[in-house]
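S.K.: Order-wise, the sequence lines are chains A and B. Here the first sequence stands for residues 19 to 354, numbered as in the working numbering. Here the second sequence stands for residues 19 to 354, numbered as in the working numbering. We put the beta carbon where it would ideally sit given N, CA and C, even for glycine. Owing to the predicted nature of the structure, the values given are computational and were not obtained by experimental measurement.
There are 2 protein chains.
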Amino acid sequence: MASITINDVAERAGVSIKTVSRVLNGEPNVAEVTREKVQAAVAELNYRPNLSARSLAGSRSYLLALLFNNPSPDYVSSLQLGAIRECRKFGYHLLIDWLEPQSKNLEDEVSATIRSVRTDGYILSPPISDNEVVLSAIEKSGTPYIRIAPYRDMDRGPYINIDDAGAAFDLTTQLLDLGHREIAFIKGHPDHGATHLRYGGYSAALRAKGVPLSQDLVKQGDFSARSGIDCAEELLDRRVRPTAIFASNDEMALGVMLVANRLGIHVPDELSVCGFDDMPVAKLVWPQLTTVRQPTAEMSALAAELLISRSPERGGHLLDFQIVTRGSTGPAPRRS
Amino acid sequence: MASITINDVAERAGVSIKTVSRVLNGEPNVAEVTREKVQAAVAELNYRPNLSARSLAGSRSYLLALLFNNPSPDYVSSLQLGAIRECRKFGYHLLIDWLEPQSKNLEDEVSATIRSVRTDGYILSPPISDNEVVLSAIEKSGTPYIRIAPYRDMDRGPYINIDDAGAAFDLTTQLLDLGHREIAFIKGHPDHGATHLRYGGYSAALRAKGVPLSQDLVKQGDFSARSGIDCAEELLDRRVRPTAIFASNDEMALGVMLVANRLGIHVPDELSVCGFDDMPVAKLVWPQLTTVRQPTAEMSALAAELLISRSPERGGHLLDFQIVTRGSTGPAPRRS
DNA sequence: TTGTAAGCGTTATCAA
DNA sequence: TTGATAACGCTTACAA
Numbered sequence: 019m020a021s022i023t024i025n026d027v028a029e030r031a032g033v034s035i036k037t038v039s040r041v042l043n044g045e046p047n048v049a050e051v052t053r054e055k056v057q058a059a060v061a062e063l064n065y066r067p068n069l070s071a072r073s074l075a076g077s078r079s080y081l082l083a084l085l086f087n088n089p090s091p092d093y094v095s096s097l098q099l100g101a102i103r104e105c106r107k108f109g110y111h112l113l114i115d116w117l118e119p120q121s122k123n124l125e126d127e128v129s130a131t132i133r134s135v136r137t138d139g140y141i142l143s144p145p146i147s148d149n150e151v152v153l154s155a156i157e158k159s160g161t162p163y164i165r166i167a168p169y170r171d172m173d174r175g176p177y178i179n180i181d182d183a184g185a186a187f188d189l190t191t192q193l194l195d196l197g198h199r200e201i202a203f204i205k206g207h208p209d210h211g212a213t214h215l216r217y218g219g220y221s222a223a224l225r226a227k228g229v230p231l232s233q234d235l236v237k238q239g240d241f242s243a244r245s246g247i248d249c250a251e252e253l254l255d256r257r258v259r260p261t262a263i264f265a266s267n268d269e270m271a272l273g274v275m276l277v278a279n280r281l282g283i284h285v286p287d288e289l290s291v292c293g294f295d296d297m298p299v300a301k302l303v304w305p306q307l308t309t310v311r312q313p314t315a316e317m318s319a320l321a322a323e324l325l326i327s328r329s330p331e332r333g334g335h336l337l338d339f340q341i342v343t344r345g346s347t348g349p350a351p352r353r354s
Numbered sequence: 019m020a021s022i023t024i025n026d027v028a029e030r031a032g033v034s035i036k037t038v039s040r041v042l043n044g045e046p047n048v049a050e051v052t053r054e055k056v057q058a059a060v061a062e063l064n065y066r067p068n069l070s071a072r073s074l075a076g077s078r079s080y081l082l083a084l085l086f087n088n089p090s091p092d093y094v095s096s097l098q099l100g101a102i103r104e105c106r107k108f109g110y111h112l113l114i115d116w117l118e119p120q121s122k123n124l125e126d127e128v129s130a131t132i133r134s135v136r137t138d139g140y141i142l143s144p145p146i147s148d149n150e151v152v153l154s155a156i157e158k159s160g161t162p163y164i165r166i167a168p169y170r171d172m173d174r175g176p177y178i179n180i181d182d183a184g185a186a187f188d189l190t191t192q193l194l195d196l197g198h199r200e201i202a203f204i205k206g207h208p209d210h211g212a213t214h215l216r217y218g219g220y221s222a223a224l225r226a227k228g229v230p231l232s233q234d235l236v237k238q239g240d241f242s243a244r245s246g247i248d249c250a251e252e253l254l255d256r257r258v259r260p261t262a263i264f265a266s267n268d269e270m271a272l273g274v275m276l277v278a279n280r281l282g283i284h285v286p287d288e289l290s291v292c293g294f295d296d297m298p299v300a301k302l303v304w305p306q307l308t309t310v311r312q313p314t315a316e317m318s319a320l321a322a323e324l325l326i327s328r329s330p331e332r333g334g335h336l337l338d339f340q341i342v343t344r345g346s347t348g349p350a351p352r353r354s
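#1: According to DSSP, simplified to helix, strand and coil, what is Pro330 (chain B)?
#2: Taking a cut of 7 Å between CB atoms, which residues from the segment 94 to 112 of chain A lie near chain B?
#3: What residue range does the beta strand (DSSP E) around Tyr140 (chain B) cover?
#4: Give the DSSP-derived three-state secondary structure of Arg199 (chain A) in the structure shown.
#5: For the alpha helix (DSSP H) holding Val60 (chain B), just list the boundary residues, first then last.
#6: Run down chain B in chain order and give the residues with a C-beta less than 7 Å from the C-beta of Ala243 (chain A).
#7: Bridge partners for Asn179 (chain A) per DSSP, in chain order?
#8: In terms of residues, what are the limits of the alpha helix (DSSP H) holding Arg216 (chain A)?
#9: Please state the DSSP three-state secondary structure of Tyr169 (chain A).
#10: Since Pro208 (chain B) meets chain A, which of its residues come closer than 7 Å, beta carbon to beta carbon?
#11: Short of 8 Å in beta carbon distance, which residues of its chain neighbour Cys105 (chain A), apart from the five on each side in sequence? Order them along the chain.
#12: Does the Cβ of Phe358 (chain A) have 16 or more other Cβ atoms within 10 Å, making it buried, or fewer, making it exposed?
#13: I'd like to know whether the C-beta of Asn267 (chain B) is nearer than 8 Å to at least one C-beta of chain A.
#14: Is Asn10 (chain A) close to chain B? Criterion is C-beta to C-beta, closer than 8 Å.
#15: Within the same chain, show all residues whose beta-carbon is closer than 7 Å to that of Gln238 (chain B), passing over the 5 residues directly before and after it, in chain order.
#16: Do you know how far the Cα of Val94 (chain A) is from the Cα of Leu336 (chain A)?
#17: Per DSSP, what are the beta-bridge partners of Ile164 (chain A) in this structure?
#18: Fully enclosed by the segment 89 to 158 of chain B, which beta strand (DSSP E) runs are 3 residues long or longer?
#19: What's the gap between the Cα of Gly334 (chain A) and the Cα of Asp173 (chain B)?
#20: Can you name the start and end residues of the alpha helix (DSSP H) that Ala278 (chain A) belongs to?
#21: Under the three-state reduction of DSSP, which class applies to Ser34 (chain B): helix, strand or coil?
#22: Would you kindly check if the distance between the Cβ of Asp268 (chain B) and the Cβ of Thr309 (chain B) is under 8 Å?
#23: Taking only three categories from DSSP, how would you classify Asp234 (chain B)?
#24: For a quick check, are the C-beta atoms of Thr161 (chain A) and Thr137 (chain A) less than 8 Å apart?
#25: Using a Cβ cut-off of 7 Å, pull out every chain B residue sitting near Arg66 (chain A), in sequence order please.
#26: Measure the CB-CB distance between Ala262 (chain B) and Ser290 (chain B) and report whether it falls below 8 Å.
#27: Taking only beta-carbon positions, decide if Pro162 (chain A) is within less than 8 Å of chain B.
#28: For Ile263 (chain B), report the span of its beta strand (DSSP E) as first-last.
#29: Could you tell me whether the Cβ atoms of Gln98 (chain B) and Ile146 (chain A) are closer together than 8 Å?
#30: Name the residues in the segment 266 to 291 of chain A whose C-beta lies less than 8 Å from a C-beta of chain B; which are they?
#31: Within the continuous beta strand (DSSP E) that includes Ala83 (chain B), where are the two ends?
#32: For Arg311 (chain A), does the three-state DSSP call read helix, strand or coil?
#33: Look at the Cβ atom of Leu276 (chain B), then the Cβ atom of Ile178 (chain B), and state whether they are nearer than 8 Å.
#34: Within the 8 Å Cβ cut-off, does Ile114 (chain B) reach chain A?
#35: State the Cα-Cα distance for the pair Ala31 (chain A) and Ala59 (chain A), rounded to the nearest angstrom.
#36: For Ala265 (chain B), which option in B:Ser346, B:Asp255 and B:Arg280 has the closest C-alpha, if you only look at C-alpha atoms?
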């Protein structure tokens, strides 16, 4: 049970522990022969350095933390996988925590965590990316962090996002080009930056084509399928229906599809529907959803990579999105 | 930036660091006055013990790890939340890792992780719960572990599950009582214990009522909605259809509902559908799914609690399930 | 290029 | 009931 330590390796290789440490950390100024001897000893003993000891003695903990509070398991899960994959590449491990923004002692919880477990960095996913309490607690600790898809204070620190507004603009324009004029929009949760950016893109596209924006066609959802259902019911259960509904994420679009189905409204002949995110659910519904693919896992992987390489420079990393046209959108029906 | 250590607390309280340590760990033999003095100092300085130091010096790391490889983000996410909640109660933190069972160097990956980051315990979720390589690697390290919903070697160590077979038996019986005789079954991924147990319950129920089990009505899925769609197509796209389909999880049941929808088959009048798990998706489809509710988050919370309290005794903890009857099941249609 | 010695912030040992 | 003092397994100065 007694585990193998750096001393065992040093002894076996016939060098000092400092030299073993050098090899382990890829430091320069080690003779090639010595390096090989040490590596051989490490391999023979199947030695793994103890994380706690490393963390206590040195300046890195080989731990990253992902903070989230997001109603979409698909989205979070995708972020987790991207981060885990990247962590593994570099011998890092991922710690996760669910934060409750409306918790009264959020500040305490966060700062207690920060000071007891010193991770090498935090990945903040929306809506935590814009949470002032969390941000300032982390900043106070001096720990590096990266925000995924933030909305405010863009020059506050490093972040990763896609051009949410541009994507919504493009998709809306595509609907307009198909002849749609009554395009409804279902907004996401107000705490998420994407909500505002996507809505901005939608309204800009209408404006660009000179189509008036009617508040009757804009509904407030919260990114959950449930809210998509509720909003769709309001939008579709009336005399004059929109010819298209742009739900600002796929889960809400699923809700729309379910309602359309139930009401016997044919998609896309009578109603075009599109979503955002290209989550697995987009390919399950029939017809499959026209949506925007964003590289979720790549975003968190990049975040992890930046934190691990210790080069998270202030400023943004903009990744590419892609409009994915599937069967749920089509030409606007002619009004009788 | 220099963080507050146990020395600062000791100085402020006018005691030795050992005494502070005693108070921190709730050890006996500390005078009440002393205890209060120390607690006051801790509060004033807002001191938090350093995890790495604790882990290095002592026998606990205040870290738990959840291992998974599961196609259902809903399920995994629910397990994570249960574990996180419980961890927070006791000042623990949760580390997660995605394992690839078919990876050639799985053994290495697991044992490397185990020996570099010494967690106080592992929570194994299906299908990892039955992975021999992972199990023996953990056992070799002497780290406690708890299996969620395992299938084999039940007396190998502690585990937590529900009576999957019993639940499937009850639900199948309910369908039989509604008059169904042609009840199709969609199996889950073969690596998951639940797959075999649920199928066992289904067939036992048929046997109990003297209804012959037809292999034509049993399809092999993998717990993904996609596979539910594929199996449903095979089952429904034929002259003589089953009158009910029991999908062994909700995601596959969603697939079935989508296909039925597409084919214009009315649920539940022409076809009864039921699922298993009572995931959020069960309430999204229309009609809502009849399913089995299992306390996923409670299962992982219990696992965490047992590991933290260091009392994971060999043997099982059986939690209650509940049949949830909703609109997707009804009396069998009369054959013309 | 290599090694010695001093921490890092806790818990464990053992004596007072 | 308390407190010196020695680990724990590493990294970081600083020498050699």
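M.R.: Looking at the coordinates:
#1: Numbered from 1 along the second sequence, position 312 holds the residue referred to as residue 330 (chain B). The three-state reading of DSSP puts Pro330 (chain B) in coil, since its state is none of H, G, I, E or B.
#2: Flagged, chain order: Val94, Ser95, Gln98, Leu99, Ile102, His111 and Leu112.
#3: Taking the second sequence and counting its residues from 1, the one referred to as residue 140 (chain B) is at position 122. Start and end: Tyr140 to Leu142.
#4: The residue labelled residue 199 (chain A) in the question sits at position 181 within the first sequence. Reduced to three states, the DSSP call for Arg199 (chain A) is coil.
#5: Position 42 of the second sequence holds residue 60 (chain B). Here the alpha helix (DSSP H) through Val60 (chain B) covers Glu50 to Leu63.
#6: Looking up residue 243 (chain A) in the first sequence gives position 225. Neighbours of Ala243 (chain A) on chain B, chain order: Leu302.
#7: Taking the first sequence and counting its residues from 1, one reaches residue 179 (chain A) at position 161. DSSP, once it has assigned bridges, lists A:Leu336 as partnering Asn179 (chain A).
#8: On the first sequence, position 198 is the one that residue 216 (chain A) refers to. For Arg216 (chain A), the enclosing alpha helix (DSSP H) begins and ends at Gly211 to Ala226.
#9: The count along the first sequence starts at 1 and reaches residue 169 (chain A) at position 151. In the three-state scheme derived from DSSP, where H, G and I count as helix and E and B as strand, Tyr169 (chain A) is classed as coil.
#10: Position 190 of the second sequence, counted from the first residue, corresponds to residue 208 (chain B). Within chain A, no residue comes near Pro208 (chain B); the closest Cβ sits about 21 Å away, beyond 7 Å.
#11: Here residue 105 (chain A) is taken as the residue at index 87 of the first sequence, counted from 1. Around Cys105 (chain A): Leu82, His111, Leu112, Ala322 and Ile326.
#12: The displayed coordinates of chain A run from 19 to 354. Any statement about residue 358 (chain A) would go beyond what the structure contains.
#13: Taking the first residue of the second sequence as position 1, residue 267 (chain B) is located at position 249. Answer no: the Cβ-Cβ gap between Asn267 (chain B) and chain A never drops below 8 Å.
#14: With chain A running from 19 to 354 in the structure shown, residue 10 (chain A) is simply not present.
#15: Your numbering for residue 238 (chain B) matches position 220 in the second sequence. Contacts found: Lys205.
#16: One-based indexing of the first sequence puts residue 336 (chain A) at position 318. One-based indexing of the first sequence puts residue 94 (chain A) at position 76. If I take the Cα positions, the gap works out to 19 Å.
#17: Walking along the first sequence from the start, residue 164 (chain A) turns up at place 146. BP columns for Ile164 (chain A) point to A:Ile141.
#18: Scanning the segment 89 to 158 of chain B from its first residue to its last, the whole beta strand (DSSP E) runs of 3-plus residues come out as 111 to 116 and 140 to 142.
#19: For the purposes of this step, residue 334 (chain A) is identified with residue 316 of the first sequence, where counting begins at 1. For the purposes of this step, residue 173 (chain B) is identified with residue 155 of the second sequence, where counting begins at 1. Computed Cα separation, rounded: 53 Å.
#20: Your numbering for residue 278 (chain A) matches position 260 in the first sequence. Per DSSP, Ala278 (chain A) belongs to the alpha helix (DSSP H) from Asp268 to Arg280.
#21: To locate residue 34 (chain B), count along the second sequence from 1; it is residue 16. In this structure, DSSP gives Ser34 (chain B) a state outside helix and strand, which the three-state scheme calls coil.
#22: Locating residue 309 (chain B) in the second sequence gives position 291, counting from the first residue. Locating residue 268 (chain B) in the second sequence gives position 250, counting from the first residue. Yes.
#23: Position 216 of the second sequence, counted from the start, is the residue given in the question as residue 234 (chain B). DSSP places Asp234 (chain B) in the helix class (H, G or I) of the three-state scheme.
#24: Along the first sequence, one-based indexing puts residue 161 (chain A) at 143. Along the first sequence, one-based indexing puts residue 137 (chain A) at 119. Yes. Within cutoff.
#25: As a working note, residue 66 (chain A) is residue 48 in the first sequence. The contacting residues are Ala130, Arg133 and Ser134.
#26: The count along the second sequence starts at 1 and reaches residue 262 (chain B) at position 244. The count along the second sequence starts at 1 and reaches residue 290 (chain B) at position 272. Yes, the Cβ-Cβ distance between Ala262 (chain B) and Ser290 (chain B) is below 8 Å.
#27: Here the question's residue 162 (chain A) lines up with position 144 in the first sequence. Not one chain B Cβ lies under 8 Å of Pro162 (chain A).
#28: In the second sequence, counting from the first residue as 1, residue 263 (chain B) sits at position 245. Ala262 to Ala265 is the extent of the beta strand (DSSP E) around Ile263 (chain B).
#29: Translated into the one-based positions of the second sequence, residue 98 (chain B) becomes position 80. Translated into the one-based positions of the first sequence, residue 146 (chain A) becomes position 128. Not a contact, by the Cβ cut-off of 8 Å.
#30: Taking 8 Å as the Cβ-Cβ cut-off, the segment 266 to 291 of chain A approaches chain B at Leu272, Gly273, Leu276, Asn279 and Arg280, given in chain order.
#31: The residue you call residue 83 (chain B) lines up with position 65 of the second sequence. For Ala83 (chain B), the enclosing beta strand (DSSP E) stretches over residues Leu81 to Phe86.
#32: Your numbering for residue 311 (chain A) matches position 293 in the first sequence. It is a strand residue.
#33: Your numbering for residue 276 (chain B) matches position 258 in the second sequence. Your numbering for residue 178 (chain B) matches position 160 in the second sequence. Against a cut-off of 8 Å, the Cβ pair of Ile178 (chain B) and Leu276 (chain B) comes out as no contact.
#34: Locating residue 114 (chain B) in the second sequence gives position 96, where the first residue counts as 1. Ile114 (chain B) has a beta carbon lying within less than 8 Å of a beta carbon in chain A.
#35: To locate residue 31 (chain A), count along the first sequence from 1; it is residue 13. To locate residue 59 (chain A), count along the first sequence from 1; it is residue 41. Straight-line Cα distance between these residues: approximately 6 Å.
#36: If you number the second sequence from 1, residue 265 (chain B) lands on position 247. The residue from B:Ser346, B:Asp255 and B:Arg280 with its alpha-carbon nearest to that of Ala265 (chain B) is B:Ser346.
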